[in-house]
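**Student:**
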Amino acid sequence: MYKIKCLEGSNLPKLTDNLKVEDAFFALRPVFFEELDLLGFDKKWIYPKSEAPLLWASGRRYFYKGCYVAEVSGGDIFTAPVVNIFHEGTLKPINIEELANQNLKQLLILENEAKLFVNNVYKNRDDTSFLTVSFSGGKDSQAVLDLVMQVVPPEDFVVVYNDTGMEMPYVSELIEQSIRNYSELGSPLKFIVSNTDKDILQLWNNFGPPTRKHRWCCTVCKTAPFVNLINTLNVGNGLVINFAGIRSEESATRKSYERINIIGKHRNVSSIHPIFNWSSFEVYLYLMYKGIRLNKGYRYGLSRVGCSVCPFSSPLSEYINYKLYPTRMGKLLNVIKASLLKGRVKESEIDNYLQEKNWAKIIRSESITDFSSKYMLQIQSSDCVVTTNITAKQIFFGFSILSNFRMKAHNESYQMEFICNNTIVYTEIAKEHDMYVLVFKNIGSSPTIIGVIKRILNRLVYCVGCRGCEVECPTGALSMVNQTVDLNICSHCLKCLTAFDYGCLNANYRINIKGESQVNSIGALNRYWGFGIRNEWLYGFFIDHDSWMTNNTLGEIQY
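Counted the way this note's numbering counts, the sequence shown spans residues 36 to 594.
(1) Measure the CB-CB distance between V206 and N330 and report whether it falls below 8 Å.
(2) Which word fits H445, buried or exposed, when buried means at least 16 other C-beta atoms lie within 10 angstroms of its C-beta?
(3) Looking only at its own chain, which residues have a Cβ that is under 7 Å from the Cβ of N138, when we skip the five neighbours before and after it?
(4) For my contact list, S416 and G511 are in at a C-beta cut-off of 8 Å; report their separation, rounded to the angstrom.
(5) CB-CB under 8 Å to T163, same chain, minus the five flanking residues each way: which ones, in chain order?
(6) DSSP has V168 in a bridge; who is on the other side?
(7) Bridge partners of L90, per DSSP?
(8) Please report the straight-line C-alpha distance between I539 and E69, rounded to a whole angstrom.
(9) For a test of the three-state rule: what should DSSP assign to E146, helix, strand or coil?
(10) Following the continuous alpha helix (DSSP H) through C345, name the residue where it begins and the one where it ends.
(11) Would you decide whether N543 is buried or exposed? Buried here means 16 or more other CB atoms lie within 10 Å of its CB.
(12) Alpha carbon to alpha carbon, how far is N312 from L42? Give it in angstroms, no decimals.
(13) Whole beta strand (DSSP E) runs in the segment 357 to 435 with 3 or more residues, listed along the chain?
(14) Which same chain residues, not among the five before or five after G110, have their C-beta less than 8 Å away from its C-beta?
(15) Could you spell out the range, first to last residue, of the alpha helix (DSSP H) harbouring V107?
(16) Below 8 Å, can you find three or more Cβ-Cβ pairs linking the segment 394 to 404 to the segment 243 to 251?
(17) What's the C-alpha gap between C455 and C525?
(18) Look at the alpha carbon of G365 and the alpha carbon of Y410, and state the distance between them as a whole number of angstroms.
(19) Just confirm the distance between the C-beta atoms of S343 and E202, as a whole number of angstroms; I'd bet it's less than 8 Å.
(20) Among all the DSSP beta bridges, which residues are the ones paired with N230?
(21) Rank M451, K392, F535 and R502 by C-alpha distance to the C-alpha of I112 and give the top, closest one.
(22) Between the beta-carbon of I488 and the beta-carbon of F316, is there less than 8 Å?
(23) Nearest-angstrom Cα distance between T458 and L264?
(24) State yes or no: is the C-beta of E382 nearer than 7 Å to some heavy atom of the ligand HEM?
(25) With H, G and I counted as helix, E and B as strand and the rest as coil, what does DSSP make of F577?
(26) I'd like to check one pair, C501 with L513: are the Cβ atoms closer than 8 Å?
(27) Would you list the residues sitting across from R96 in a DSSP beta bridge?
(28) Check the DSSP bridge columns for M470 and list the partner residues they point to.
(29) So, V153 versus F170, is the Cβ gap smaller than 8 Å?
(30) What is the rounded straight-line gap between the Cα of D536 and the Cα of R490?
(31) Round the Cβ separation of P128 and R363 to the nearest angstrom and send it over; I've been treating them as touching at under 8 Å.
(32) Let's test the definition: count the other Cβ atoms within 10 Å of the Cβ of R562 and tell me whether it reaches 16, buried, or not, exposed.
(33) On the DSSP bridge list, what partners appear for H445?
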């Protein structure tokens with residue numbers, strides 16, 4: 036990663052090694068006429084509607100020919116930011132060819148090193164490996180796809196677009212355009228789409244809006260669909276090598292990643308990061324140098340493109356998205372409003388929650404869905420007694436993941452047996468009216484076994500078919516779609532049950548924590564932990580405060 040040098044009188048930033056940190060520019064991005072028009076710069080500046088960028092920005096500060104010429108401040112989803120212009124005049128488009136030539140040496144070093152890295156991974160792969168490229172429509176994935184295409188034959192990998200159902204229209208437009216462009220170039224790329232197969236609004240109703248503390252959307256809308264789709268396509272069951280546009284600059288969490296994750300988090304997926312050490316400016320510069328058209332969202336001033344509503348988006352990006360597509364965003368905003376009202380937030384305070392993003396700071400958002408399934412667990416003498424309206428079929432499905440599971444039926448009574456915590460557990464099940472009573476014999480003194488029982492019941496009660504637990508199964512024995520367990524390959528490892536604190540991703544949001552009621556927790560912010568402020572956090576905030584919430588070196592716990 037090079038430092039960025041901007042010379043006064045020149046609109047062509049230069050990558051260099053010979054520069055002090057205090058003299059360098061950070062997170063520099065190109066600014067196009069669409070952003071200037073949307074924010075109202077056209078009232079004081081004269082500029083053409085060109086394809087090329089007109090000036091540069093670092094956070095909310097704008098630079099032309101190395102001079103600090105304007106800044107925007109304030110603003111939220113409903114309110115335009117204030118535009119402060121210090122210099123007026125005419126803007127001329129940046130000469131992309133001159134920009135590329137000035138940085139050609141550094142660009143070639145970045146490109147060739149990344150291609151060599153990709154080639155080493157490709158050449159040293161196992162013959163059974165299955166190669167994929169994650170393509171989100173964002174600038175990083177565009178750069179990675181271009182690099183992989185130059186090294187790996189197109190018949191040897193597939194391009195996967197993960198459609199979360201929440202993307203803005205400019206993302207799907209870029210995907211469609213990319214497919215057309217590569218087809219016209221004669222590249223027989225195999226584009227496939229992974230999605231949740233669930234209606235996104237229904238998922239928001241079931242889980243409640245995602246928050247900064249609980250981002251269920253990443254697991255449900257990205258990870259689970261991707262892993263399940265790849266495991267379907269990967270008929271040889273070899274190692275999945277996935278090239279992704281992850282960069283260390285993006286966050287503290289990603290900074291801790293390795294450039295090659297040999298053992299993936301989910302089953303047999305290994306994540307490879309060719310541009311891990313690139314800066315965002317280097318990615319922009321590379322795409323312009325290669326003549327690859329940027330996602331339209333960047334042209335309107337967004338530093339990140341993707342979901343229409345995100346708990347980590349900046350107020351300015353929300354304003355831009357809402358200005359462009361109010362109806363698209365409105366559908367998810369309505370769910371947020373309903374969740375707040377259900378959580379006892381006054382209707383008069385709703386707009387304030389949206390404008391200040393207080394909904395994103397809530398520990399646990401309210402589900403709009405009322406879950407009809409339920410259970411009650413009691414300890415009676417040495418027995419654990421559960422009363423539930425869950426069906427017998429669901430009960431057997433839930434407990435079949437346990438070792439040595441057996442079940443016998445007699446009319447509407449059943450006997451169930453399994454091994455848990457090295458203990459044989461005998462269970463009597465009887466139907467009483469519309470409920471089933473499960474008596475787990477002689478386990479009243481075993482919190483471990485009772486904990487497993489609770490997790491299984493939580494998953495049955497709160498399951499919304501998100502398949503988050505399914506991707507944790509190392510053998511592929513679990514199917515939440517059909518609610519079946521293939522006992523021939525189930526290893527009884529219980530990873531599907533222990534991946535989430537309460538046995539189910541949705542249960543994590545619905546079950547009270549430490550006795551707190553869901554109603555009372557609605558206005559609570561995440562607790563302050565014992566971490567003193569760090570110089571790098573403050574420095575990053577003042578350098579680029581607009582995108583600081585999504586692009587910083589804070590760890591999750593610091594929030």
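Glycine included, every Cβ here is placed at the ideal spot set by N, Cα and C.
**Tutor:** Inspection of the coordinates gives the following:
(1) Taking the first residue of the sequence shown as 1, we reach residue 206 at position 171. Taking the first residue of the sequence shown as 1, we reach residue 330 at position 295. It is a contact, given that the beta carbons lie within the stated cut-off.
(2) Taking the first residue of the sequence shown as position 1, residue 445 is located at position 410. The residue is exposed, with fewer than 16 neighbouring Cβ atoms inside 10 Å.
(3) Numbered from 1 along the sequence shown, position 103 holds the residue referred to as residue 138. These residues qualify, in order along the chain: K49, L50 and L320.
(4) Position 381 of the sequence shown, counting from 1, holds the residue named residue 416. Position 476 of the sequence shown, counting from 1, holds the residue named residue 511. Not a contact, Cβ separation roughly 41 Å.
(5) Along the sequence shown, one-based indexing puts residue 163 at 128. The residues are G271, N272, G273 and L274.
(6) Counting from 1 along the sequence shown, the entry for residue 168 is found at position 133. DSSP output for V168 lists V194 and F278 as bridge partner(s).
(7) Your numbering for residue 90 matches position 55 in the sequence shown. V66, per the DSSP bridge assignment.
(8) Counted from its first residue, the sequence shown places residue 539 at position 504. Counted from its first residue, the sequence shown places residue 69 at position 34. In the sequence on display, residue 539 carries Cys and not Ile. Going from the Cα of C539 to the Cα of E69 covers about 44 Å.
(9) If you number the sequence shown from 1, residue 146 lands on position 111. The answer is helix: DSSP assigns E146 an H, G or I state.
(10) Translated into the one-based positions of the sequence shown, residue 345 becomes position 310. Taken as a continuous stretch (DSSP letters only), C345 belongs to no alpha helix (DSSP H), as it is neither H nor E.
(11) Along the sequence shown, read from residue 1 onward, the residue named residue 543 stands at position 508. Its Cβ being crowded by 16 or more others within 10 Å, N543 is buried.
(12) On the sequence shown, position 7 is the one that residue 42 refers to. On the sequence shown, position 277 is the one that residue 312 refers to. One C-alpha to the other measures close to 24 Å.
(13) 410 to 415 and 418 to 423
(14) For the purposes of this step, residue 110 is taken as the residue at position 75 of the sequence shown. The residues are P116, V117, P350, L351 and Y354.
(15) Taking the first residue of the sequence shown as 1, we reach residue 107 at position 72. Careful: V107 lies outside any alpha helix (DSSP H), inside the beta strand (DSSP E) at C102 to S108.
(16) yes
(17) Residue numbering aside, residue 455 sits at position 420 when the sequence shown is read from its first letter. Residue numbering aside, residue 525 sits at position 490 when the sequence shown is read from its first letter. Computed Cα separation, rounded: 15 Å.
(18) Stepping through the sequence shown from its first residue, residue 365 is reached at position 330. Stepping through the sequence shown from its first residue, residue 410 is reached at position 375. Roughly 36 Å separates the two Cα atoms.
(19) For the purposes of this step, residue 343 is taken as residue 308 along the sequence shown, with counting starting at 1. For the purposes of this step, residue 202 is taken as residue 167 along the sequence shown, with counting starting at 1. Correct: roughly 7 Å between the Cβ atoms.
(20) Within the sequence shown, the letter at position 195 stands for residue 230. Looking at the DSSP assignment, N230 forms a beta bridge with D198.
(21) Taking the sequence shown and counting its residues from 1, the one referred to as residue 112 is at position 77. Comparing Cα positions, the closest option is K392.
(22) Residue 488 sits at position 453 when you count from the first residue of the sequence shown. Residue 316 sits at position 281 when you count from the first residue of the sequence shown. Against a cut-off of 8 Å, the Cβ pair of F316 and I488 comes out as no contact.
(23) For this step, residue 458 is matched to residue 423 along the sequence shown. For this step, residue 264 is matched to residue 229 along the sequence shown. Approximately 37 Å, taken between the alpha carbons.
(24) In the structure shown, the ligand HEM is absent, as is every other ligand, since no ligand is present at all.
(25) Here residue 577 refers to the residue found at position 542 of the sequence shown. Helix, per DSSP.
(26) Translated into the one-based positions of the sequence shown, residue 513 becomes position 478. Translated into the one-based positions of the sequence shown, residue 501 becomes position 466. No, Cβ-Cβ distance for L513 and C501 is not below 8 Å.
(27) Numbered from its first residue, the sequence shown carries residue 96 at position 61. Note: R96 sits in a beta bridge opposite S93 and E106.
(28) The residue given as residue 470 occupies position 435 in the sequence shown. Answer by DSSP bridge pairing, in chain order: E467.
(29) Here the question's residue 153 lines up with position 118 in the sequence shown. Here the question's residue 170 lines up with position 135 in the sequence shown. Not a contact, by the Cβ cut-off of 8 Å.
(30) On the sequence shown, residue 536 is found 501 positions in, with the first residue counted as 1. On the sequence shown, residue 490 is found 455 positions in, with the first residue counted as 1. For D536 and R490, the distance between alpha carbons rounds to 8 Å.
(31) As a working mapping, residue 128 is identified with position 93 in the sequence shown. As a working mapping, residue 363 is identified with position 328 in the sequence shown. No, P128 and R363 are not in contact; Cβ-Cβ is about 30 Å, not under 8 Å.
(32) For the purposes of this step, residue 562 is taken as residue 527 along the sequence shown, with counting starting at 1. Low confidence applies to R562: its pLDDT is 37, below 50, so where it sits in the model is not reliable, and the reading given next is rough at best. With fewer than 16 Cβ atoms within 10 Å of its Cβ, R562 is classed as exposed.
(33) Along the sequence shown, one-based indexing puts residue 445 at 410. BP columns for H445 point to S448.
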